[in-house]
Amino acid sequence: MAFEARYGTVPAAPTPRDRWLARDKARHVVFSGLWTLSTQYVLVNKADWSQGDALPASIASAATVGVLKELYDASQITGTASGKDLVADAVGIGLAVGIITL
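Okay, here's the thing in structure tokens:
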């Protein structure tokens with residue numbers, strides 16, 4: 067409180083390092099991959115879409131969720147968006163596309 071009265075603001079807490087090899091990145095890979103696979107499954111097997119028509123929608127939905135998650139993180143007081151998280155999302159989506167197109 068004294069710091070705030072004297073300097074007008076409270077210094078931000080240091081942000082943790084955003085490491086490439088971290089549990090958070092693994093979660094992004096897994097989540098985006100599973101989102102893509104499950105969306106593809108629902109569109110093809112439940113909504114009777116063709117594989118070719120469903121794939122762009124599956125990719126777009128997973129990418130949209132990843133971007134919205136980073137926008138949410140950026141809107142938080144102590145949060146920051148992470149480009150590395152988006153790369154991990156893209157890796158998960160790419161792995162799912164590889165599985166789908168086998």
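Just so you know, the sequence shown maps onto residues 67 to 168 in our numbering. Beta carbons are placed, not taken as given, at the ideal position from N, Cα and C, and that holds for glycine.
With 16 other Cβ atoms within 10 Å as the buried cut-off, status of residue i
i    : result
D151 : buried
L134 : exposed
T105 : buried
Cβ-Cβ separation, residue j to residue i (assumed contact under 8 Å), whole Å
i    : j    : result
D155 : G132 : 4 Å
S124 : E136 : Actually they do not touch by this definition, with Cβ atoms about 19 Å apart.
G99  : A162 : 4 Å
Y128 : T144 : Note that residue 128 is Ala in the sequence shown, not Tyr. The Cβ separation is near 26 Å, so there is no contact.
Alpha carbon of residue i to alpha carbon of residue j, nearest angstrom
i    : j    : result
Q27  : V110 : In the structure displayed, the chain extends from 67 to 168; residue 27 sits before or after that span and is not available.
A126 : L168 : 20 Å
W86  : T146 : 16 Å
D84  : D90  : 9 Å
D119 : V108 : 12 Å
A88  : V153 : 13 Å
P122 : Q142 : 31 Å
T130 : Y138 : 12 Å
G164 : K112 : 21 Å
Quick one: any contact between the segment 94-108 and the segment 155-167, if contact means 3 or more CB pairs under 8 Å?
-> Touching, per the Cβ criterion.
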